[in-house]
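Notes follow the structure.
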Amino acid sequence: MRQTARLPVTVAIPTLSEEKLVGLCLQRLSRFERVVVVDSGSTDGTVEVARAHGAEVVNFHWNGQFPKKRNWFLRNSQISTPWVLFLDADEFVDEVALCGPRERVAERLAAWKGSGIGTLICGTWDVDTLRTMAELVL
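My numbering applies: residue 8 is where the sequence shown begins, and numbers increase by one.
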């Protein structure tokens with residue numbers, strides 16, 4: 008079996024009492040460099056399930072003002088990867104490339120070129136696609 012390199016993507020999963028769903032989401036994210044659950048004070052076992060799957064957990068307490076959870080995470084986290092992928096706990100990454108052909112990924116990334124950290128809301132990539140991404144962004 009071929010060893011797969013980790014993808015240089017931070018996956019952020021906003022949660023609030025998602026114990027029943029977050030495990031399925033997390034078990035498919037081992038290829039990503041960093042996985043973070045941004046939790047809003049869950050009262051079930053969400054945090055424990057996240058940690059059991061190796062995810063980093065950060066606590067978010069919303070004060071009713073801007074920024075909400077996703078923007079707060081982008082503004083307050085030390086993100087070392089060039090990309091951030093947000094997933095809800097009821098979403099998961101399939102092994103099939105959900106973004107379609109490499110040309111489509113390249114087209115999307117060209118629009119983000121020079122914008123700093125990008126936020127991707129799509130699927131997984133193979134190593135060649137990531138090289139294409141890096142060439143467009145760098």
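The beta-carbon is built from N, C-alpha and C at its ideal position, and this holds for glycine as well.
Note that the structure is predicted; figures quoted are calculated from it, not measured.
Over the uninterrupted beta strand (DSSP E) stretch that includes residue i, give me the two end residues.
{"i": "residue 19", "result": "14–22"}
What separation, rounded to the nearest whole angstrom, lies between the Cα atoms of residue i and residue j?
{"i": "residue 82", "j": "residue 73", "result": "11 Å"}
{"i": "residue 36", "j": "residue 49", "result": "21 Å"}
{"i": "residue 41", "j": "residue 51", "result": "24 Å"}
{"i": "residue 16", "j": "residue 61", "result": "16 Å"}
{"i": "residue 100", "j": "residue 39", "result": "11 Å"}
{"i": "residue 92", "j": "residue 28", "result": "18 Å"}
{"i": "residue 44", "j": "residue 70", "result": "19 Å"}
{"i": "residue 88", "j": "residue 66", "result": "21 Å"}
{"i": "residue 30", "j": "residue 77", "result": "20 Å"}
{"i": "residue 106", "j": "residue 68", "result": "At residue 106, the pLDDT of 46 sits below 50, so the modelled position is not reliable; the number obtained from the coordinates is stated separately. Rounded to whole angstroms, residue 106 to residue 68 spans 33 Å at the Cα level."}
{"i": "residue 90", "j": "residue 80", "result": "13 Å"}
{"i": "residue 33", "j": "residue 57", "result": "7 Å"}
{"i": "residue 47", "j": "residue 24", "result": "8 Å"}
{"i": "residue 22", "j": "residue 63", "result": "13 Å"}
{"i": "residue 55", "j": "residue 97", "result": "17 Å"}
Discussion item. Which runs of the beta strand (DSSP E) at least 3 residues long sit entirely within the stretch 28–82? Give them in chain order.
Written reply: 39–46, 63–66
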